[in-house]
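*Asks:* From first to last, the protein sequence lines are chains A and B.
FYI, my numbering numbers position 71 of the first sequence as 71, with every residue one higher than the one before it.
Numbers in my numbering are just positions in the second sequence, counted from 1, shifted up by 242.
Where is the CB? At the ideal position from N, CA and C, for every residue including glycine.
Structure below; questions to follow.
There are 2 protein chains.
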Amino acid sequence: MKKYLPGEHCILMSRDEVRAFDNRAINELGIPGAVLMENAGRSCALFIVEKLSGKKNPKVCLFCGTGNNGGDGFVIARHLFNHGLIPLVLICGQRSKIKGDAGLNLNIIERLGIQIMSLPPADVIDFKTRVAAFAGNADMIVDAIFGTGLEGTPRDEYRKLIEAINESQKGCFELNRPVLAVDIPSGLDCDTGQPLGAAIKANWTVTFAAVKKGLAIETARNYTGEIFVASIGIDPRYKVGP
Amino acid sequence: MKKYLPGEHCILMSRDEVRAFDNRAINELGIPGAVLMENAGRSCALFIVEKLSGKKNPKVCLFCGTGNNGGDGFVIARHLFNHGLIPLVLICGQRSKIKGDAGLNLNIIERLGIQIMSLPPADVIDFKTRVAAFAGNADMIVDAIFGTGLEGTPRDEYRKLIEAINESQKGCFELNRPVLAVDIPSGLDCDTGQPLGAAIKANWTVTFAAVKKGLAIETARNYTGEIFVASIGIDPRYKVGP
Numbered sequence: 001m002k003k004y005l006p007g008e009h010c011i012l013m014s015r016d017e018v019r020a021f022d023n024r025a026i027n028e029l030g031i032p033g034a035v036l037m038e039n040a041g042r043s044c045a046l047f048i049v050e051k052l053s054g055k056k057n058p059k060v061c062l063f064c065g066t067g068n069n070g071g072d073g074f075v076i077a078r079h080l081f082n083h084g085l086i087p088l089v090l091i092c093g094q095r096s097k098i099k100g101d102a103g104l105n106l107n108i109i110e111r112l113g114i115q116i117m118s119l120p121p122a123d124v125i126d127f128k129t130r131v132a133a134f135a136g137n138a139d140m141i142v143d144a145i146f147g148t149g150l151e152g153t154p155r156d157e158y159r160k161l162i163e164a165i166n167e168s169q170k171g172c173f174e175l176n177r178p179v180l181a182v183d184i185p186s187g188l189d190c191d192t193g194q195p196l197g198a199a200i201k202a203n204w205t206v207t208f209a210a211v212k213k214g215l216a217i218e219t220a221r222n223y224t225g226e227i228f229v230a231s232i233g234i235d236p237r238y239k240v241g242p
Numbered sequence: 243m244k245k246y247l248p249g250e251h252c253i254l255m256s257r258d259e260v261r262a263f264d265n266r267a268i269n270e271l272g273i274p275g276a277v278l279m280e281n282a283g284r285s286c287a288l289f290i291v292e293k294l295s296g297k298k299n300p301k302v303c304l305f306c307g308t309g310n311n312g313g314d315g316f317v318i319a320r321h322l323f324n325h326g327l328i329p330l331v332l333i334c335g336q337r338s339k340i341k342g343d344a345g346l347n348l349n350i351i352e353r354l355g356i357q358i359m360s361l362p363p364a365d366v367i368d369f370k371t372r373v374a375a376f377a378g379n380a381d382m383i384v385d386a387i388f389g390t391g392l393e394g395t396p397r398d399e400y401r402k403l404i405e406a407i408n409e410s411q412k413g414c415f416e417l418n419r420p421v422l423a424v425d426i427p428s429g430l431d432c433d434t435g436q437p438l439g440a441a442i443k444a445n446w447t448v449t450f451a452a453v454k455k456g457l458a459i460e461t462a463r464n465y466t467g468e469i470f471v472a473s474i475g476i477d478p479r480y481k482v483g484p
């Protein structure tokens, strides 16, 4: 895993380029999507394990969306569990929407007996209390709600959820409960680096394959914290076809 | 990745237990075989990258069998390639036998343009010359010919191949061309730790999920070198069902 230094020359990817790259990896090279997701999640998990290595029985609270970013979160939870950490997975949305590789990984962690709870934003009135109840005992928070695919402002209840997570972090330095964003802080626009309504304020962002265009924009740093680039099993320099 | 210290108390797995564990992971938990293989191969690749970090454009020669141990080798080759190392993959056997997850990973590295050559033991008269030609320029040799499934003495040509690889290593300290065994040194019996005719003499063995019963037997140390245990994405302590 490589730390990205602001202003450093490196490969940047826009939202469309991320999509095309994932497509190439899966459809042209034949790497299963579950393998890309495994690499992504494992990289984050190892980062977390290292950061929490001093703690006894560390607890990690993972906010997971219903798309592939949430799927990365499920993989992270499994690897944390394997390392003896205590993951708590919060599904932020309708569980029935979770399909494909994300669904596969949700099924696995369920069979492993990892603690999974539902936090469907549409049903929640008092986010602040709910989020505080879940995240209150955690040693780290993982943001796996929205990934790079997010376009346009998310629904109001997601804005409230994101704000509640940020709110719960006030005084986080004293609380020692940092936030790790998976691929991109939820709510941040992949291309512009601007929040789409609201965005998670992370201490670290582990981004996959390559730095996203928006993350390299200086103002995004308020949301991303330190940025690290993790391999998903295929190099971003590799271009299939002409 | 955890180093195994001889005599240390830890979970040991016999050949049958490895088989049952893999089966449980795939069929009961629903982890795709390709995901287990990815974790296995990636762990080895990161180990190699670290060991060769001082070298410029390091070359790695991978002897890959036609089963899942070879498949791990193909994954290793891809991750090495992603890290800028130069892998050379030698297929030790009939290519048409390579199926399933191993076949999937062979197809991927072929599309990536990684150098792949055939070394079908049955067709080779002078192994010493062939192996020396392939391995001569390498900075490291990876043994991914046979895994834990090997039972009974392999065919004579495989014994000759294994002996030729060991032979090519004589004076390896001066040559600085160490051997990494994938899961278990090829030719070693998983349960007894005895060579089945001949076995690779490795500097390091990266074994998956748990130390294999035979590897913990003192005499096996002549073949395994230092032993490291790598996660394949599922913890060996986890038992599915009653």
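(1) List, in order along the chain, the chain B residues whose C-beta lies closer than 8 Å to that of GLU38 (chain A)?
(2) Assign ALA495 (chain B) to buried or exposed, taking buried as 16 or more other Cβ atoms, counted over all protein chains shown, within 10 Å of its Cβ.
(3) For my contact list, ASN69 (chain A) and ASP183 (chain A) are in at a C-beta cut-off of 8 Å; report their separation, rounded to the angstrom.
(4) Once DSSP output is grouped into helix, strand and coil, what is the label at PRO484 (chain B)?
(5) Could you tell me whether the Cβ of LEU112 (chain A) comes closer than 8 Å to any Cβ of chain B?
(6) Under 9 Å Cβ-Cβ, which residues of chain B neighbour ASN107 (chain A)?
(7) State the Cα-Cα distance for the pair LEU271 (chain B) and ARG78 (chain A), rounded to the nearest angstrom.
(8) What do you reckon, are the CB atoms on ILE217 (chain A) and GLY193 (chain A) nearer than 8 Å?
(9) Say whether chain B places a C-beta atom closer than 8 Å to the C-beta of ASN23 (chain A).
(10) Give me the chain B residues within the contact set of LEU85 (chain A), using Cβ-Cβ distance strictly less than 9 Å, ordered along the chain.
(11) Please determine, among B:THR308, B:ASN464, B:ILE383, B:ASN418, the residue with the shortest C-alpha to C-alpha distance to ILE333 (chain B).
(12) Of the choices B:ALA267, B:PRO248, B:SER338, whose alpha-carbon is the least far from that of ILE476 (chain B)?
(13) What does DSSP give as the partner residue(s) for GLU226 (chain A) in the beta ladder?
(14) Give the straight-line distance between the Cα atoms of ALA441 (chain B) and ASP431 (chain B), rounded to the nearest whole angstrom.
(15) For the ligand COA, is there any heavy atom lying closer than 7 Å to the beta carbon of VAL60 (chain A)?
(16) With DSSP collapsed to three states, give me the class of PHE81 (chain A).
(17) For the candidate residues B:ILE469, B:GLY394, B:ALA262, B:CYS306, whose alpha-carbon lies nearest to that of LYS244 (chain B)?
(18) Need the endpoints of the alpha helix (DSSP H) that LEU348 (chain B) sits in, please.
(19) Are THR219 (chain A) and ARG15 (chain A) close, meaning C-beta to C-beta below 8 Å?
(20) Closer than 8 Å, Cβ to Cβ, to anything on chain A: give me those residues from the segment 280-310 of chain B, in chain order.
(21) Closer than 8 Å, CB to CB, is ARG78 (chain A) near chain B or not?
(22) At a cut of 8 Å, does the segment 372-389 of chain B reach the segment 325-340 of chain B through at least three beta carbon pairs?
(23) Out of curiosity, what's the CA-to-CA distance linking ASN299 (chain B) and ASN166 (chain A)?
(24) Suppose you measure from the CA of THR224 (chain A) to the CA of GLU8 (chain A); what does that come to, to the nearest Å?
(25) Quick one, are the C-beta atoms of ILE86 (chain A) and CYS44 (chain A) less than 8 Å apart?
(26) Considering Cα atoms alone, identify which of B:ASP314, B:ASN269, B:PHE323 is closest to GLY345 (chain B).
(27) Counting only the same chain and skipping the five closest in sequence on each side, list residues whose C-beta sits under 8 Å from that of ASP139 (chain A).
(28) With a threshold of 8 Å on Cβ separation, who are the neighbours of ARG221 (chain A) within its own chain once the five nearest residues in sequence on each side are excluded?
(29) Should PHE47 (chain A) and ILE145 (chain A) be called a contact, given that it needs their Cβ atoms to be closer than 8 Å?
(30) Which partner residues of LEU254 (chain B) appear in the DSSP bridge assignment?
*Replies:* A quick look at the data gives this:
(1) Those are VAL277, GLU280, ASN281, GLY475, listed as they occur along chain B.
(2) Missing from the structure shown is residue 495 (chain B); chain B here goes from 243 to 484 and no further.
(3) 6 Å
(4) Per-residue confidence for PRO484 (chain B) stands at a pLDDT of 38, beneath the threshold of 50, marking its modelled position as unreliable; the derived number appears in the next sentence. Here PRO484 (chain B) sits in coil by DSSP.
(5) yes
(6) LEU271, GLY272
(7) 12 Å
(8) yes
(9) no
(10) What LEU85 (chain A) touches in chain B: nothing, since even the nearest Cβ is about 12 Å away.
(11) The option with the nearest alpha carbon to ILE333 (chain B) is B:THR308.
(12) Among B:ALA267, B:PRO248, B:SER338, the Cα nearest to that of ILE476 (chain B) belongs to B:ALA267.
(13) A:TRP204
(14) 9 Å
(15) Within the structure as shown, the ligand COA is missing, as the structure has no ligands at all.
(16) helix
(17) Minimum Cα distance to LYS244 (chain B) is reached at B:ILE469.
(18) 342-353
(19) no
(20) Within the segment 280-310 of chain B, the qualifying residues are GLU280, ASN281, ARG284.
(21) yes
(22) yes
(23) 45 Å
(24) 16 Å
(25) no
(26) B:ASP314
(27) LEU52, LYS55, PRO58, LYS59, VAL60, ASN176, ARG177
(28) PRO6
(29) no
(30) B:VAL453
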